[in-house]
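Protein chains: 2
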Amino acid sequence: MTRRGLLLLAHGARDPAWALPFEAVAAQVRASGAAAAVELAFLEFMAPDLAAAGERLAAAGCDRIELVPLFLGAGGHVRKDVPRLLEALRQRHPAIDWVLQPAAGEDARVVAALAAVAVAPTAHG
Amino acid sequence: MTRRGLLLLAHGARDPAWALPFEAVAAQVRASGAAAAVELAFLEFMAPDLAAAGERLAAAGCDRIELVPLFLGAGGHVRKDVPRLLEALRQRHPAIDWVLQPAAGEDARVVAALAAVAVAPTAHG
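These protein sequence lines are chains A and B, in that order.
Using our numbering, you'd call the opening residue of the first sequence number 26 and step up by one each time.
Using our numbering, you'd call the opening residue of the second sequence number 26 and step up by one each time.
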């Protein structure tokens, strides 16, 4: 049976409070039980980085690891930096199936949620 | 009766494709009919900027304009740059009620959508 790992990637920022929504997403993903292991990683400013988080999932015995960019727009980071970083993990662990998912903002559910929040910004928490 | 304007703000990037999810959000907000006028603005790299988009909403006769940061994390941009830019618009148009909404990523609906996408990345489009 496949042991699925989820590698959630956010941009990162200098302000520690910046990470709160992403930690909330990671907590919900963990609570869903959809994966054997879940890690949250950052491209810049915050730890762990993608390499360290990927190693943790590999060490946890995951044989399929899906990288989910928690980015709304797909610019240079998602199109260039992320594939390069993922390729480095793939070369270190060729037996693992590394899968790059699209940027979260390309998903219709995220677009709909953002539109709903703009129209009725009431459910913050 | 209040004439509501919605000022959606995204970060912006060099790659034109980056803006696609935000344009989709703006289209959904316009289609909802929730506001008399809707503008999408960018902090960097893309046009219009916040000042230009705010002027358009003012010229459209909006008397309450809500700024919705389409940001997941609230770092320096949302905490410092955006209030400063909004204050400049407020001083130019003091009769308009300018309201700064929280970053979209602080909304439970957006967190839930991101978690759903991470768990089941199937509904892209």
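Where is the CB? At the ideal position from N, CA and C, for every residue including glycine.
The structure displayed is predicted, hence computed values, not measured ones.
Review point. Measuring CB to CB, does W43 (chain A) end up less than 8 Å from A99 (chain B)?
Key: Position 18 of the first sequence, counted from the first residue, corresponds to residue 43 (chain A). Position 74 of the second sequence, counted from the first residue, corresponds to residue 99 (chain B). Contact flag set, yes.
Review point. Is R89 (chain B) closer than 8 Å to E64 (chain B) when the C-beta atoms are compared?
Key: Position 39 of the second sequence, counted from the first residue, corresponds to residue 64 (chain B). Position 64 of the second sequence, counted from the first residue, corresponds to residue 89 (chain B). No, the Cβ-Cβ distance between E64 (chain B) and R89 (chain B) is not below 8 Å.
Review point. Nearest to A140 (chain B) by alpha carbon, out of A:R117, A:F96, A:P41?
Key: The residue labelled residue 140 (chain B) in the question sits at position 115 within the second sequence. Among A:R117, A:F96, A:P41, the Cα nearest to that of A140 (chain B) is on A:F96.
Practice item. Taking A78 (chain A) as the query, report the chain B residues whose CB atoms sit under 7 Å from its CB, ordered along the chain. Key: Here residue 78 (chain A) refers to the residue found at position 53 of the first sequence. None at all; the shortest Cβ gap to chain B is about 14 Å.
**Study point:** Beta carbon proximity, D88 (chain B) to chain A, threshold 8 Å
**Key:** As a working note, residue 88 (chain B) is residue 63 in the second sequence. Not closer than 8 Å to any Cβ of chain A, the Cβ of D88 (chain B) fails to qualify, so no.
Point to revise | Selection from A:H102, A:G101, A:V107 that minimises the alpha carbon distance to E91 (chain A) | key: Position 66 of the first sequence holds residue 91 (chain A). Answer by Cα proximity: A:V107.
Review point. For G150 (chain B), does the three-state DSSP call read helix, strand or coil?
Key: Stepping through the second sequence from its first residue, residue 150 (chain B) is reached at position 125. The pLDDT assigned to G150 (chain B) is 45, lower than 50, so where the model puts this residue is not dependable; a value taken from the coordinates is nonetheless given after this. In the structure shown, G150 (chain B) sits in coil (DSSP, three-state: anything other than H, G, I, E or B).
Check your understanding: Any Cβ of chain B within less than 8 Å of the Cβ of A38 (chain A)?
Key -> Numbered from its first residue, the first sequence carries residue 38 (chain A) at position 13. True, the Cβ-Cβ gap to chain B drops below 8 Å.
Review point. Can you tell me whether DSSP reads A38 (chain A) as helix, strand or coil?
Key: Here the question's residue 38 (chain A) lines up with position 13 in the first sequence. A38 (chain A) falls in the coil class under three-state DSSP.
Review point. Any beta-carbon of chain B closer than 8 Å to the one on V107 (chain A)?
Key: Working through the first sequence from its first residue, we reach residue 107 (chain A) at position 82. V107 (chain A) does not count as touching chain B.
Check your understanding: Is the Cβ of G131 (chain A) closer than 8 Å to any Cβ of chain B?
Key -> As a working note, residue 131 (chain A) is residue 106 in the first sequence. In the sequence under discussion, the amino acid at residue 131 (chain A) is Glu, which differs from the Gly named in the question. Interface residue, yes.
Check your understanding: Who are the neighbours of A120 (chain B) on chain A, taking C-beta pairs under 8 Å?
Key -> Taking the second sequence and counting its residues from 1, one reaches residue 120 (chain B) at position 95. Going along chain A, no residue has its Cβ under 8 Å from A120 (chain B), so there is no contact; the nearest lies around 23 Å.
Exercise for review: Could you pull out every unbroken beta strand (DSSP E) segment of at least 3 residues lying fully inside the segment 56–141 of chain B, listed in chain order?
Suggested key: 62–67, 89–94, 122–125
Practice item. Would you mind sorting Q126 (chain B) into buried or exposed? The rule is 16 or more other CB atoms within 10 Å of its CB. Key: In the second sequence, the residue the question calls residue 126 (chain B) occupies position 101. So Q126 (chain B) ends up on the buried side.
Exercise for review: Could you name the residues of the segment 134–149 of chain A whose beta carbon sits closer than 9 Å to any beta carbon of chain B, in the order they occur along the chain?
Suggested key: R134, V135, V136, A137, A138, L139, A140, A141, V142, A143, V144, A145, P146, T147, A148, H149
Point to revise | Whole-angstrom C-beta distance between V135 (chain B) and A137 (chain A), which should lie under 8 Å | key: Along the first sequence, read from residue 1 onward, the residue named residue 137 (chain A) stands at position 112. Along the second sequence, read from residue 1 onward, the residue named residue 135 (chain B) stands at position 110. That pair is no contact at about 10 Å.
Practice item. Run down chain B in chain order and give the residues with a C-beta less than 8 Å from the C-beta of W43 (chain A). Key: Taking the first residue of the first sequence as position 1, residue 43 (chain A) is located at position 18. Correct list: G98, A99, G100.
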